[in-house]
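Colleague: Dropping a structure here in structure tokens format, bear with me for questions.
There are 4 protein chains.
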Amino acid sequence: MIKVGVVGGTGYTGVELLRLLAQHPDVELKAITSRGDAGVPVANMFPSLRRRVDLCFVDPQSADLGSCDVVFFATPNGIAMQQAAELVAAGVKVIDLAADFRISDIAEWEKWYGMKHACPELVAEAVYGLPEVNREAIKKARVIANPGCYPTAVQLGFLPLVEAGVIELDNLVADAKSGVSGAGRKAETHILFSESADNFQAYGVAGHRHLPEIRQGLSRFANAPVGLTFVPHLTPMIRGIHATLYGRIKKDVDLQALFEERFAGEAFVDVMPKGSHPSTRSVRSANMCRIAVHRPQGGDVVVVLSVIDNLVKGAAGQAVQNMNILFGLDETAGLGQIPLMP
Amino acid sequence: MIKVGVVGGTGYTGVELLRLLAQHPDVELKAITSRGDAGVPVANMFPSLRRRVDLCFVDPQSADLGSCDVVFFATPNGIAMQQAAELVAAGVKVIDLAADFRISDIAEWEKWYGMKHACPELVAEAVYGLPEVNREAIKKARVIANPGCYPTAVQLGFLPLVEAGVIELDNLVADAKSGVSGAGRKAETHILFSESADNFQAYGVAGHRHLPEIRQGLSRFANAPVGLTFVPHLTPMIRGIHATLYGRIKKDVDLQALFEERFAGEAFVDVMPKGSHPSTRSVRSANMCRIAVHRPQGGDVVVVLSVIDNLVKGAAGQAVQNMNILFGLDETAGLGQIPLMP
Amino acid sequence: MIKVGVVGGTGYTGVELLRLLAQHPDVELKAITSRGDAGVPVANMFPSLRRRVDLCFVDPQSADLGSCDVVFFATPNGIAMQQAAELVAAGVKVIDLAADFRISDIAEWEKWYGMKHACPELVAEAVYGLPEVNREAIKKARVIANPGCYPTAVQLGFLPLVEAGVIELDNLVADAKSGVSGAGRKAETHILFSESADNFQAYGVAGHRHLPEIRQGLSRFANAPVGLTFVPHLTPMIRGIHATLYGRIKKDVDLQALFEERFAGEAFVDVMPKGSHPSTRSVRSANMCRIAVHRPQGGDVVVVLSVIDNLVKGAAGQAVQNMNILFGLDETAGLGQIPLMP
Amino acid sequence: MIKVGVVGGTGYTGVELLRLLAQHPDVELKAITSRGDAGVPVANMFPSLRRRVDLCFVDPQSADLGSCDVVFFATPNGIAMQQAAELVAAGVKVIDLAADFRISDIAEWEKWYGMKHACPELVAEAVYGLPEVNREAIKKARVIANPGCYPTAVQLGFLPLVEAGVIELDNLVADAKSGVSGAGRKAETHILFSESADNFQAYGVAGHRHLPEIRQGLSRFANAPVGLTFVPHLTPMIRGIHATLYGRIKKDVDLQALFEERFAGEAFVDVMPKGSHPSTRSVRSANMCRIAVHRPQGGDVVVVLSVIDNLVKGAAGQAVQNMNILFGLDETAGLGQIPLMP
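Protein chains in written order, with full-length UniProt numbering: chain A, 1 to 342; chain B, 1 to 342; chain C, 1 to 342; chain D, 1 to 342.
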């Protein structure tokens, strides 16, 4: 059994990790930390976990994380970078669900995240945890930077096109829509039910933190710089991301075949039949990305539709997938949930 | 492996059965029938089942249901009563998720369901599949009448009070609220998104088909007739039932202890701590009934709050629970889903 | 033109008042106060008011409220009681949308609201602003206590039955469901979209502040004490209250006629045809209470269904109705909005 | 008073027209037709109209539409083209809220709408009712083709850019999101609450009927052909369209000033301050288009955010605006509703 610690278990990413880990056949949950709620039974805060998670939150200081095999950080940005080095030194694998280790360019990271990076040396060795791209590197990683939710949906959708040089790189558009849980479990007015329900709104058009992360990923696929416009929106649902991607075709290929071949054998990417419109609910609660590729009216524009559950393939599920790879388990262990419909 | 057939797999109860059965360790899905969609891959209609259910819908006539160990009917009312006798004669267990075998009084059934009953003799032997009440009888049943969604939430909530003679029986009130999936997957105007969202409404105040079912159950618990007012409401959520139950106390007992003792050892009934307000989302996607009991202001009225997922403990999950009991499996086999939160 | 001031314009009750007052033909908006947002244009906080409300929020101290004809308090409980006396002394009418003047029994008020009352003498003279009951008194009031949202729906629904002595008074049940806007525009976790959507939950079963207010009202209708169980619930919609009321009939009368006669001539109470199930959306955005009365199965229980928009007839609309009465205007002035459907 | 007839009053566009017309100071509602519901009081089908609309639906045959000053068609596509000529000949103005007169190229129309056009001659004279573009022509029209919902939001958003030659025309992208009421009040499975709620999905990527309408409009603005990719999506809200528009800048201008100048004096287009993200709820229930223009990261891509209420500025409200222009009324008459928030 893999001994697992979770730092920061009171947000949506944290409770989703607990849902998945509590059902994982090879995992023993050792500790869940929370600065503010130490001593509180986890199931008091999240009654959905009653009878399934018996632990109490513990103070980060007193949690014996050093005895874990792996520690997940489900914390705000800026926490993992302060604690990872010590754990790594103790031989503990670190999977960070926040952004601390995602951007290789430290200056770029500091610009977007508005703080000084505490641990640039680990950024250098950290592996970006997108298994469909970096599976081999993940196996040997000591620190895994779990991708952001938007970046997962957008990168997987563009991946075959960019790798194969099928589209112009200077003018990509990613129009992405997220359920409200993507904004986290913070007491903020704009994500109140009465504000978010029966409403639709863009945000961060001037620049969103996931832009440099996506741009970095696409540039690596292309081995070249890319020009990307990324517009995120808030849509009145709890879970789900739908990325609608636009690119201009420069090389005439069978797009459907390109996608099917690129993702053949991937357990968690499902290329839909030609003409499909994947729905976010077709992946709700499951670690799955469903993708459809279109060429409207036979023109020179390709439209890719890519959907994930932001809390699963976009966060906790992908983190567990990375853990499975890291420890040589079946990559699908503990991730067999069938999407909830309706 | 238990060989399972499902009659009527295109409604919400049907697809939920498939979700649960496809994850069940002891089940082999043999056939899923649909009159209108024969030949269609199940996963085409329900993309959530892609890669998990490979079957196509088959015509009821050509499905070899006689070779199954058990057949679930996830059909409209009035279908199972026409086909069950033949299956039972062939040694196949029948679990009906509709209402055909729920009401012992045939005349009463015919009045509420507006048709002649085709198989009164099986009604006589059918076991009402509420495991917390009828577990022993379920083990030996040939036909199980799976309870309705409202009746499950209401009966479990009243059960300890009525069995123990704690409340007056002449004036019970069950005010129940259901998510829209309870109305089924039928193309009807009143359950359109634009009609049901941002709206709340009672229905069937003059009389709902679940009234006689609940009244029959409570009368059996009490060994006496009961007077019940039952008002169902439609609430703008997909899944979940919340029953708020009111009774007048005639015997002063420790209500919390009464509930905890009655349901001690039950895997799928969770008595919440004193003062709790269970939420429907705390059971969403899981086979669980959470119950809290209150005595407001120390008066003589008891208020019980009882929540289930209408498609799981209120339908498909309870059906699988009944199957597990029927075949001597662990009662929780295949029912380990942790509620989805958020 | 009536010169109007609004104290506390940043909550949902406040912005709804502004929506109604900005369309009112006889009103001149003079000042809108906000302690925290002084100087901010109202339309910056609420873009829905762009081009319609040109004022900025002003600090309560510097607002010249004494020159208004009437001041609405759309503040948290405990504010109006500190400022009303001075305004009244200056000849300004006060309409408090909070609870400060609703409960005549000061000790009872202090128990439920957890603070010492700052102005008991004004409580004594304040008129409870339920026009269908107190219209004559409202005309001459100096201070109007605008009823709570639940109390409006529940009192109007029980009114004909209690006044006419039709039901037993010792065991009334009010099972009420509210949209989330009833909880206000506060940054609190439990009313986040991701917490409230696709969820249904009771709260305050042990005792809610609207209980004493409703009990006081019903007791006055009856000239006798009443026994009431009141259970509020949160339902995943923005606006609307649905109260389902239960009483035991002791006098056999034509219930439909009783309701129609009691509310004949009322502009803002609509008794629906026999057998109706009023929906909250049938009153959304409008100052209207729709009521249906049922006697299920011809038994001895009466069920009343009463719906309002909690922010209109349950708050701002009723406040404007009270203002109209107070100043001798047509009671419907500025309240002609047709409910928004769908 | 203008005598008004409405053909097809049972859909969402129809009931919204009734809401607006019943509040219009210069309108007398003469007849509302419905083939299937003749004889039924309008307020029975739509309780929101109780006490406000006293008419019954009448059979189209027996309605004396020839005596009206103007007739609105709120019918499915293909109806108005059969009845308009006779009305026009009788001197009745026709405003068609469906698509029959929107596309000048008859062959194109017939391709997209899958039927033979019954009245090409009226197409030739019909005026496309986008007042911000065609106000003068509308004044003298006999037949007005009221724009589609998506086309209204998309054309108004692109208008200043295309007219002024600011962007490349060969590769425009319109990523549009609609509330579910845009799909109409039809009993279809995919718009059931349980299908549409907590879900997000694109549709019609291969080609949507609003594509040729938008392309025609943009081409007229530009006096040149345009290349447009249009992807509509269904978002789980009742009302609202959010269009996110992408274009490549070829001429460096002050975008904010360009938009403010183009729409100066327009009552129903509101250019938001720089950096804004208009929300659909900021226009809900009102005849308003709010627009923000962005140039992310100072690059060469312009992003326009354009929101409307699909049933108001996208349908019934714009139709009333056209009627006002047509009859020389104040363009804002009857359209003073303030958006509903929250």
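By construction, the Cβ of each residue, glycine as well, lies at the ideal position given by its N, Cα and C atoms.
#1: Can you check the stretch 78-148 of chain D for any alpha helix (DSSP H) of at least 4 residues that lies completely inside it and give the ranges in chain order?
#2: Check whether chain A comes within 8 Å of Ser-196(C), counting only Cβ atoms and requiring the distance to be less than that.
#3: How is the alpha helix (DSSP H) around Gly-247(D) delimited, first residue to last?
#4: Do Glu-213(C) and Ile-138(C) count as a contact pair if the criterion is CB distance below 8 Å?
#5: Just to confirm my understanding: we take Glu-110(A), look at its own chain, exclude 5 residues before and 5 after, and list those with CB closer than 7 Å. What are they?
#6: Kindly list, in the order they appear in chain D, the residues whose Cβ is closer than 7 Å to that of Gln-23(C).
#7: When the Cα atoms are used, what is the spatial distance from Glu-266(D) to Ala-286(D)?
#8: Cβ of Tyr-203(B) less than 8 Å from any chain D Cβ?
#9: Would you identify the three-state DSSP class for Pro-212(C), choosing helix, strand or coil?
#10: By how many angstroms is the C-alpha of Ala-316(C) removed from the C-alpha of Gly-36(A)?
#11: Does any residue of chain B have a CB that is nearer than 8 Å to the CB of Ser-181(D)?
#12: Taking Ala-243(A) as the reference, which of Ile-249(A), His-233(A), Lys-251(A) and Lys-250(A) has the closest Cα?
#13: Out of curiosity, what's the CA-to-CA distance linking Met-341(A) and Gly-11(B)?
#14: Pull up the distance between the alpha-carbon of Ala-74(C) and that of Tyr-113(C), whole angstroms please.
#15: Looking at chain D, is there any beta carbon in it that lies within less than 8 Å of the beta carbon of His-277(A)?
#16: Can you tell me the Cβ-Cβ gap for Ile-338(A) and Ser-48(B), rounded? I've got them flagged as a contact below 8 Å.
#17: So, Leu-169(B) versus Val-133(B), is the Cβ gap smaller than 8 Å?
#18: In whole angstroms, give me the CA-to-CA distance for Ala-66(C) and Ile-325(C).
#19: Let me make sure I understand the geometry here. Which of Leu-130(A), Gly-157(A), Ala-84(A) and Thr-152(A) has the alpha-carbon closest to that of Val-123(A)?
#20: Quick one: does Asn-171(C) have its CB under 8 Å from some CB of chain B?
#21: Between the stretch 147-157 of chain C and the stretch 302-322 of chain C, do three or more beta carbon pairs fall short of 8 Å?
#22: Could you tell me whether the stretch 290-298 of chain A touches the stretch 252-260 of chain A, using the rule of 3 or more Cβ pairs below 8 Å?
#23: Which residues mark the beginning and the end of the alpha helix (DSSP H) in which Val-15(D) is found?
#24: If you draw a straight line from the C-alpha of Tyr-128(A) to the C-alpha of Phe-101(A), how long is it?
#25: Just checking: is the beta-carbon of Tyr-12(B) within a distance shorter than 8 Å of some beta-carbon in chain A?
#26: Determine, using beta carbons only, whether Arg-248(C) comes closer than 8 Å to chain B.
#27: Relative to chain A, which residues along the stretch 36-68 of chain B have a C-beta separation below 8 Å, given in chain order?
#28: Excluding the 5 residues preceding and the 5 following Ser-196(A) in the sequence, name in chain order all residues of the same chain whose CB lies nearer than 7 Å to its CB.
#29: Please name the residue in Ala-38(D), Ala-31(D) and Gly-299(D) whose C-alpha comes closest to that of Asp-64(D).
#30: Select from Tyr-246(A), Thr-280(A), Val-302(A) and Gln-201(A) the residue whose C-alpha is nearest the C-alpha of Ser-276(D).
#31: In terms of residue numbering, what span does the beta strand (DSSP E) encompassing Ala-174(B) cover?
#32: Can you give me the Cβ contacts of Phe-268(C) inside the same chain, cut-off strictly under 7 Å, excluding the 5 residues immediately before and after it?
#33: Using alpha carbons as the reference points, say which of Val-302(A), Ser-279(A) and Asp-270(A) lies closest to Lys-250(A).
#34: Starting from Leu-326(A), follow the alpha helix (DSSP H) in both directions and report where the run begins and ends.
#35: With a threshold of 8 Å between beta-carbons, can Asp-26(C) be considered close to chain D, or not?
#36: Here's the rule I'm using: 16 or more other beta-carbon atoms within 10 Å means buried, otherwise exposed. How should Asn-223(A) be labelled?
Modeller: From the atom records:
#1: Counting only runs of 4 or more, we get 80-89, 106-113, 120-125 and 131-139.
#2: Chain A, which has a Cβ nearer than 8 Å to the Cβ of Ser-196(C), makes this yes.
#3: Here Gly-247(D) belongs to no alpha helix (DSSP H); instead the beta strand (DSSP E) covers 241-248.
#4: Going by beta carbons, Ile-138(C) and Glu-213(C) fall outside the 8 Å limit.
#5: The answer, listed in chain order, is Lys-116 and His-117.
#6: Around Gln-23(C), the beta-carbon contacts reaching into chain D at under 7 Å are Gly-336 and Ile-338.
#7: Taking the straight line from one Cα to the other gives about 15 Å.
#8: Not one chain D Cβ lies under 8 Å of Tyr-203(B).
#9: Three-state DSSP puts Pro-212(C) in a helix.
#10: Rounded to whole angstroms, the gap between the alpha carbons of Gly-36(A) and Ala-316(C) is 38 Å.
#11: Using a Cβ-Cβ cut-off of 8 Å, Ser-181(D) counts as an interface residue toward chain B, since at least one Cβ of chain B sits closer than that to its own.
#12: Ranking Ile-249(A), His-233(A), Lys-251(A) and Lys-250(A) by Cα distance to Ala-243(A) puts His-233(A) first.
#13: When rounded, the distance between both Cα atoms is 11 Å.
#14: Computed Cα separation, rounded: 17 Å.
#15: For His-277(A), at least one C-beta of chain D is nearer than 8 Å to its own C-beta.
#16: Separation of the CB atoms of Ile-338(A) and Ser-48(B) is rounded to 6 Å, and the pair is thereby assigned contact status at 8 Å.
#17: Contact flag unset, no.
#18: In the sequence as presented, Ala is not what sits at residue 66(C); that position holds Gly. Straight through space, the alpha carbons of Ile-325(C) and Gly-66(C) are spaced by roughly 21 Å.
#19: Nearest of Leu-130(A), Gly-157(A), Ala-84(A) and Thr-152(A) to Val-123(A), Cα basis: Ala-84(A).
#20: Taking Cβ atoms only, chain B reaches closer than 8 Å to Asn-171(C), which makes this a yes.
#21: The stretch 147-157 of chain C vs the stretch 302-322 of chain C: in contact.
#22: The stretch 290-298 of chain A is in contact with the stretch 252-260 of chain A.
#23: Counting along the chain, the unbroken alpha helix (DSSP H) around Val-15(D) starts and ends at 12-22.
#24: In a straight line, the C-alpha of Tyr-128(A) is about 8 Å away from that of Phe-101(A).
#25: True, the Cβ-Cβ gap to chain A drops below 8 Å.
#26: Any Cβ of chain B closer than 8 Å to the Cβ of Arg-248(C) would place that residue at the interface, and such an atom is present.
#27: For the stretch 36-68 of chain B, the set of positions with a beta-carbon nearer than 8 Å to some beta-carbon of chain A reads Phe-46, Pro-47, Ser-48, Leu-49, Arg-50, Arg-51 and Arg-52 in chain order.
#28: Cβ neighbours of Ser-196(A) beyond the five flanking positions: Val-180, Leu-234 and Pro-236.
#29: Here the closest residue by C-alpha is Ala-31(D).
#30: The option with the nearest alpha carbon to Ser-276(D) is Gln-201(A).
#31: Bounds of the beta strand (DSSP E) holding Ala-174(B) are 172-178.
#32: Contacts found: Asn-287, Met-288, Cys-289, Lys-313 and Gln-321.
#33: For the residues Val-302(A), Ser-279(A) and Asp-270(A), the minimum Cα distance to Lys-250(A) belongs to Val-302(A).
#34: In the DSSP annotation of this structure, the continuous segment of the alpha helix (DSSP H) that includes Leu-326(A) starts and ends at 317-326.
#35: Residue contact with chain D for Asp-26(C): absent (no Cβ-Cβ distance below 8 Å to any residue of chain D).
#36: Asn-223(A) counts as exposed, since fewer than 16 other beta carbons sit within 10 angstroms of its beta carbon.
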